[in-house]
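Trainee:
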Amino acid sequence: CASICVLKTGFLFAASEFGNHALYQFQGIGDDDDAVEASSESLMETEEGFQPVFFTPRPLTNLLLIDELESLSPVMDMKVENLLDEETPQIYALCGRGPRSSLRVLRPGLGVTEMAASPLPGNPTAVWTIRTSAANEFDSYIV
17 CASICVLKTG
27 FLFAASEFGN
37 HALYQFQGIG
47 DDDDAVEASS
57 ESLMETEEGF
67 QPVFFTPRPL
77 TNLLLIDELE
87 SLSPVMDMKV
97 ENLLDEETPQ
107 IYALCGRGPR
117 SSLRVLRPGL
127 GVTEMAASPL
137 PGNPTAVWTI
147 RTSAANEFDS
157 YIV
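Each residue of the sequence shown is one higher than the last, beginning at 17 in the numbering used here.
#1: Taking all protein chains shown into account, decide if Gly35 is buried (16 or more other Cβ within 10 angstroms of its Cβ) or exposed.
#2: Would you mind sorting Val157 into buried or exposed? The rule is 16 or more other CB atoms within 10 Å of its CB.
#3: Kindly confirm or deny that the segment 21-38 and the segment 87-103 touch, where touching means at least three C-beta pairs closer than 8 Å.
#4: By how many angstroms is the C-alpha of Thr77 removed from the C-alpha of Lys24?
#5: Quick check: the Cα distance between Val22 and Ala132, rounded to an integer number of angstroms?
#6: What is the rounded straight-line gap between the Cα of Ile82 and the Cα of Glu130?
#7: Give the DSSP-derived three-state secondary structure of Gly46 in the structure shown.
#8: In chain order, what residues of the same chain have a beta carbon less than 8 Å from the beta carbon of Gly46, not counting five sequence neighbours either side?
#9: Quick check: what's the CA-CA separation for Arg113 versus Glu64?
#10: Using only CA atoms, which one of Cys111, Val159, Glu97 lies nearest to Ala143?
#11: By how many angstroms is the C-alpha of Tyr40 removed from the C-alpha of Lys95?
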């Protein structure tokens, strides 16, 4: 993560430099007495230096992933080609780093998601369009 923001409402936003950004919600504060802990006081110095601390990765237990904001960074390489014979060419981008790297196909345009629909009551009557002058080719106002 490049930046972490903890909100008073119990959320954590993690802005990533090399991957998708994420919004988490706190599920607990991690008061697990059986959890293995390590501190600098318990490290033992050996001839080679400090003894490494090992841990086993596990799924999140105190955080719940709420939303993820897709990120293209870092873009390692990019080509603009029309391989699918569509009206407009596609952008092929190599994104990410390490195990989170991906090949993304980007198409120009804006994705639309309908959030709500509310039909209007009745049918409009007595609606006209007018021009600002008689010389104009198109109407300018709806009355």
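Where a beta carbon is used, it is the ideal one built from N, C-alpha and C, also for glycine.
Mentor: So, from the listed chains and residues:
#1: So Gly35 ends up on the buried side.
#2: Per the sequence shown, residue 157 should be read as Tyr rather than Val. Result: exposed.
#3: With a cut-off of 8 Å, the segment 87-103 and the segment 21-38 count as touching, because enough Cβ pairs lie within range.
#4: Rounded to the nearest angstrom, the two C-alpha atoms are 20 Å apart.
#5: Their Cα atoms are separated by approximately 30 Å.
#6: The alpha-carbon of Ile82 is positioned some 20 Å away from that of Glu130.
#7: Correct three-state label for Gly46: coil.
#8: Leaving aside the five residues that flank Gly46 on each side, the residues in its chain whose CB is nearer than 8 Å to its CB run, in chain order, Thr77, Asn78.
#9: Computed Cα separation, rounded: 32 Å.
#10: As written in the sequence, residue 143 is Val, which differs from the Ala given in the question. Residue Val159 holds the alpha-carbon nearest to the alpha-carbon of Val143 among Cys111, Val159, Glu97.
#11: Near 34 Å, if we compare the C-alpha coordinates of Tyr40 and Lys95.
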